[in-house]
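Chemist: Position in the sequence shown (first residue = 1) + 865 = the numbering used here.
Every residue, glycine too, gets a C-beta built ideally from N, C-alpha and C.
Everything numeric in this text was worked out from a predicted model, so none of it was measured.
Quick one: structure below, then a few questions.
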Amino acid sequence: MDYSMDWSVIPQNMESILEGLWLTLQISALALLISIPIGIFAGLCRVSRNRFVSFLATSYIEIIRGVPLLVLLLWIYFVLNKFMHLGSYWSAILGLAFFSGSFIAEIVRAGIESVPRGQMEAARSAGMSYATAMRLIILPQAFRKVLPPMASQFIILIKDSSLVSIISVADLTLVGKNIVGNTFRSLEVWSFIAILYFLMTFIISQLIRFLEKKYKVAE
């Protein structure tokens, strides 16, 4: 058996790899942009005084968090796609967005509940409505606490995006599979793909740390 290594397979397929890399970043960014409002809305509904609204938000969070992302992607692509004609690209984005949104909702809920109850009581005693107090007093304090974990969710989203290859999205993982299928150079290809994923997440994590330090100094 030939155990020799041939790294020339990487530059020979660099164009395809970069296209897969760009698509991975694109899908992850769009999914994050969609998941943030979903998560914030679901998180606010989760702590709502209206029991029905809170029940709906809790049901969404528990159901989505209780279903593997791979199964969710397959369900959206093979079931929902039949009625909405989303295609693999938007099926992947929506699957990632709804999945990530459920985790962001819990982050938002935890952030709101971390604000002392006395803050709301003081605002209400000052004549503010519940909605006004939430918007002006509670949420600004809560968002300061949830920004770091919400930013970290983007890192998780990039790694989770590798599953979209199962529904034929030509992301970095699927490009790697195709190259390995054509060249049989699995060691070289998957090592390089792993490095690219590491670089993406490492750069973002360093950016998050920089912003956290800058924000603490600003405070």
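In angstroms with no decimal places, state the Cα-to-Cα distance between V918 and R911.
Modeler: Approximately 7 Å between the Cα atoms of the pair.
Chemist: With a Cβ-Cβ cutoff of 8 Å, do I1044 and V874 count as a contact?
Modeler: yes
Chemist: CB D1036 to CB I899, shorter than 8 Å?
Modeler: Against a cut-off of 8 Å, the Cβ pair of I899 and D1036 comes out as no contact.
Chemist: How many Å lie between A1083 and R989 at the Cα?
Modeler: Low per-residue confidence applies at A1083: pLDDT is 48, beneath 50, and the placement is therefore not dependable, though the value from the model is reported in the following sentence. Their backbone Cα atoms lie some 29 Å apart in a straight line.
Chemist: Based on Cα-Cα distance, which residue from K1024, Y954, R914 and V944 lies nearest to L1033?
Modeler: The residue you asked about is not Leu; residue 1033 is Ser in the sequence shown. Of the candidates K1024, Y954, R914 and V944, the one whose C-alpha sits nearest the C-alpha of S1033 is Y954.
Chemist: What is the DSSP secondary structure of S913, reduced to helix, strand or coil?
Modeler: DSSP places S913 in coil when its eight states are reduced to three.
Chemist: Counting along the chain, where does the alpha helix (DSSP H) carrying F1049 start and finish?
Modeler: Segment: none, F1049 is in no alpha helix (DSSP H) and carries neither H nor E.
Chemist: Give the straight-line distance between the Cα atoms of Q877 and F1063, rounded to the nearest whole angstrom.
Modeler: 22 Å
Chemist: Which ranges would you report for the alpha helix (DSSP H) in the region 899-945 if only whole runs of at least 4 residues count?
Modeler: 916-931 and 934-940
Chemist: Taking 8 Å as the threshold (C-beta atoms), are I969 and Q846 in contact?
Modeler: Since the first residue of the chain shown is 866 and the last is 1084, residue 846 is not available in this structure.
Chemist: Within a Cβ cutoff of 8 Å, which residues of the same chain sit near E1053, ignoring the five residues on either side of it in sequence?
Modeler: M870, D871, W872, V874 and I875
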